[in-house]
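K.L.:
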Amino acid sequence: MTHPHWPLWDLRIRTPRLELRPVRESEMADLSELIDGGIHDPATMPFLIPFTDAPNPRRAHDSYRFWMGCWAGWSVESWRLVLAAYSDGRCVGSQDLQATDFPTLRTVTTGSWLGLPHQGHGLGREMRAAVLHLAFEGLGAQRAATEAFEDNVASLRVTESLGYHRNGSEVVRRRDGRATVLRYVLERDDWEPRRRDDIALDGLSAEALDMFGLS
1315 MTHPHWPLWD
1325 LRIRTPRLEL
1335 RPVRESEMAD
1345 LSELIDGGIH
1355 DPATMPFLIP
1365 FTDAPNPRRA
1375 HDSYRFWMGC
1385 WAGWSVESWR
1395 LVLAAYSDGR
1405 CVGSQDLQAT
1415 DFPTLRTVTT
1425 GSWLGLPHQG
1435 HGLGREMRAA
1445 VLHLAFEGLG
1455 AQRAATEAFE
1465 DNVASLRVTE
1475 SLGYHRNGSE
1485 VVRRRDGRAT
1495 VLRYVLERDD
1505 WEPRRRDDIA
1515 LDGLSAEALD
1525 MFGLS
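Here my numbering = 1-based position in the sequence shown + 1314.
#1: Which residue wins for smallest C-alpha separation from PRO1417, given the options SER1392, ALA1443, HIS1319 and ASP1376?
#2: Just to check my reading of the structure: LEU1411 and ALA1449 have Cβ atoms closer than 8 Å, yes? What is that Cβ distance to the nearest angstrom?
#3: Please confirm whether VAL1472 and GLY1425 have their CB atoms less than 8 Å apart.
#4: Under the three-state reduction of DSSP, which class applies to PHE1450: helix, strand or coil?
#5: Should GLY1403 go down as buried or exposed, given a rule of 16 or more other Cβ atoms within 10 Å for buried?
#6: Whose C-alpha, out of LEU1395, ARG1328, GLY1407 and ASP1355, is nearest the C-alpha of PRO1321?
#7: Could you work out which residue in TRP1505, ARG1326 and ASP1355 is closest to LEU1476 when comparing CA atoms only?
#8: Can you find the residues in the same chain that come closer than 8 Å, C-beta to C-beta, to GLY1454, ignoring five residues on each side of it along the sequence?
#9: Could you name the residues of the same chain whose beta carbon sits closer than 6 Å to that of GLU1501, not counting the 5 residues immediately before and after it, in chain order?
#10: On the DSSP bridge list, what partners appear for GLU1333?
#11: For ARG1492, count neighbouring C-beta atoms within 10 Å of its own C-beta (all shown protein chains included) and say buried if the count is 16 or more, exposed if not.
#12: What residue ranges within the segment 1447-1521 form continuous beta strand (DSSP E) runs of no fewer than 3 residues, ordered along the chain?
#13: Taking its Cβ as the centre, do 16 or more other Cβ atoms sit within 10 Å of LEU1428, making it buried, or is it exposed?
#14: Is SER1426 helix, strand or coil by DSSP?
#15: Just curious, the alpha helix (DSSP H) that ARG1372 is in, first and last residue?
#16: Within its chain, find whatever has a CB closer than 7 Å to the CB of SER1483; leave out the 5 residues flanking it on each side and keep chain order.
#17: Which residues in the same chain have their Cβ closer than 7 Å to the Cβ of GLU1474, if we skip the five residues on either side of it in sequence?
#18: Looking at TYR1400: is its Cβ nearer than 8 Å to the Cβ of GLU1347?
#19: Is it buried or exposed for SER1340, if we count other Cβ within 10 angstroms and need 16 for buried?
#20: Go ahead and label ILE1363 buried or exposed: buried means 16 or more other beta carbons lie within 10 angstroms of its beta carbon, across all protein chains shown.
#21: How long is the line joining the alpha carbons of VAL1485 and PRO1318, rounded to whole angstroms?
#22: So, helix, strand or coil for VAL1390, using DSSP?
#23: With 16 as the cutoff for other CB atoms within 10 Å, does HIS1447 come out buried or exposed?
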């Protein structure tokens, strides 16, 4: 074990196209550079928290505070695992997995983004499939939830292609207007037929599982 005092840092999720690993200092730098290069059309806002609207250096500082805060606030009762995705050694995006009272509820929520040059190549679907494998196969989740604005067509296509079902909607403020968020859930029974045998979980040791309240 490379990181006995924080064993989650040894976690790797590998697919034929991607490697996902926990965000530490080097990954923060890679993701920050990716954000600077653009992760969506500035005329649109795909995020509930519009962090990309902030100018630099504030945007970079806010991003680092968020990533470090996820580790600082980690507990069995509430956690957020942020992963950086790499394709052929190049950082392409971010995928996160979060939960509250996971040992009892067995429910996770996902969120993600890709750098503009890496969109439209199926990597968003591959990232989601990878983190769902961690959730269901690695952690024993029973349900995964996600949400996206109704005009975020690419995200909705990924969600629907992986077997999620609609689970309501909400009207929220977006910039100076209103927008509808669509919610989806994926039950374990709907994931099982789509289980992949080409996704590997490395470093998910007993010590790492203990950080999720699992043994």
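Where a beta carbon is used, it is the ideal one built from N, C-alpha and C, also for glycine.
No experiment lies behind these values; they were computed from the predicted model shown.
P.N.:
Taking the structure as given:
#1: SER1392
#2: Between ALA1449 and LEU1411 the Cβ distance is about 6 Å, and since that is below 8 Å, they are a contact.
#3: no
#4: helix
#5: exposed
#6: LEU1395
#7: For the residues TRP1505, ARG1326 and ASP1355, the minimum Cα distance to LEU1476 belongs to TRP1505.
#8: ARG1420 and LEU1528
#9: Cβ within range, chain order: ARG1457.
#10: The bridge partners DSSP lists for GLU1333 are ARG1328 and TYR1400.
#11: The residue in question, ARG1492, is exposed, as its Cβ has fewer than 16 Cβ neighbours within 10 Å.
#12: Unbroken beta strand (DSSP E) stretches of 3 residues or longer found wholly inside the segment 1447-1521: 1457-1463, 1479-1488, 1491-1501 and 1514-1516, given in chain order.
#13: buried
#14: strand
#15: 1372-1386
#16: Once the five neighbours on either side are set aside, the close Cβ partners of SER1483 are THR1494, VAL1495, LEU1496 and ARG1497.
#17: none
#18: no
#19: Per the 10 Å Cβ criterion, exposed.
#20: Classification of ILE1363: exposed, given that the 10 Å Cβ count is below 16.
#21: 44 Å
#22: coil
#23: buried
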